[in-house]
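Single-structure report; data block below.
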Amino acid sequence: MKALCWYGSHDVRVENVPDPKIINQRDAIIKVTSTAICGSDIHLYDGYIPSMEKGDILGHEFMGEVVEVGKEVNNLKKGDRVAVPFTIACGHCFFCEHDMWSLCDNSNPNAALAEAAYGYSASGLFGYSHLYGGYAGGQAEYVRVPYADIGPIKIPEELTDEQTLFLTDIFPTGYMAVENCNIQPGDTVAIWGCGPV
2 MKALCWYGSH DVRVENVPDP KIINQRDAII KVTSTAICGS DIHLYDGYIP SMEKGDILGH
62 EFMGEVVEVG KEVNNLKKGD RVAVPFTIAC GHCFFCEHDM WSLCDNSNPN AALAEAAYGY
122 SASGLFGYSH LYGGYAGGQA EYVRVPYADI GPIKIPEELT DEQTLFLTDI FPTGYMAVEN
182 CNIQPGDTVA IWGCGPV
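Going letter by letter, the sequence shown gives residues 2 to 198 in this note's numbering.
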């Protein structure tokens, strides 16, 4: 398959790479139909995020069609359209049980690296360095989605990719910021910045 791979600061290339395979029975393979570039991808492109390795597949905003599921994924089937959240969460640890998916204790096999670099560890993320698990990203034709029984959101057929792609990162990030600030209807707020969130 083709994928957008990182090779260093300002050096990304479309390469032929092996197709992903089911590794764990909670995995799914998604055929990517739409993907977006996040502002944080620019940090990778500029070489500011440590622990990238040559050939890493970029991208954490993507959606697509389920083409294969592991035996323990009962909520998805081949042919389902899904938006895939950028965080990878197990659904069963303390943080997941308290809806704090981005702090999942089980999805980042390199949590100690993130702890050493940032003072805390986060969940695994698609296409965002080995600090966050080294998972292949969505700037590819296919993606292996771990814990696919938890993260992917089924998309009704009547909605287009263009209408729903931002459910993968941009929309929930902005929505969570509003929730965390306890903004209420009728409140006056100021928004500034150079990005869409």
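Backbone N, C-alpha and C fix where the C-beta goes; we use that ideal spot for every residue, glycine too.
*By DSSP, does residue 134 sit in helix, in strand, or in coil?*
coil
*Own chain residues within Cβ distance below 8 Å of residue 79, not counting five before or after*: 67, 68, 69, 70
*Under a three-way DSSP split, which group does residue 57 fall into?*
strand
*Which full runs of the beta strand (DSSP E) of 3+ residues lie inside the stretch 69 to 149, going along the chain?*
82 to 85, 143 to 146
*DSSP three-state assignment for residue 49, whether helix, strand or coil*: Correct three-state label for residue 49: coil.
*List the whole-angstrom C-beta distance separating residue 89 from residue 21, where the pair is believed to meet the contact cut-off of C-beta under 8 Å.*
Between residue 89 and residue 21 the beta-carbon gap is near 14 Å, outside 8 Å, which marks them as no contact.
*How many angstroms separate the CA atom of residue 105 from the CA atom of residue 112?*
10 Å
*Are the beta-carbon atoms belonging to residue 131 and residue 52 less than 7 Å from one another?*
The beta carbons of residue 131 and residue 52 sit closer together than 7 Å.
*Exposed or buried, what is residue 61 when buried is set at 16 or more other beta-carbons lying within 10 Å of its beta-carbon?*
buried
_Close beta carbons around residue 158, own chain, < 8 Å, minus the five adjacent residues each side_ = 82
*Using a Cβ-Cβ cut-off of 7 Å (strictly less than) and excluding sequence neighbours within five positions of residue 14, which residues of its own chain qualify?*
6, 8
*Please work out which residues of its chain come closer than 8 Å, Cβ to Cβ, to residue 35, disregarding the five sequence neighbours upstream and downstream, and give them in chain order.*
63, 64, 65, 162, 163, 166
*If residue 134 and residue 126 are in contact, beta carbons under 8 Å, what's the gap, nearest whole angstrom?*
7 Å
*Residue span of the beta strand (DSSP E) that contains residue 16, given as start and end*: 12 to 17
*asked:* Rounded to whole angstroms, what is the Cα-Cα separation between residue 49 and residue 16?
replied: 22 Å
*Which of the three DSSP states, helix, strand or coil, is assigned to residue 179?*
helix
*Tell whether a beta-carbon distance below 7 Å holds between residue 138 and residue 59.*
yes
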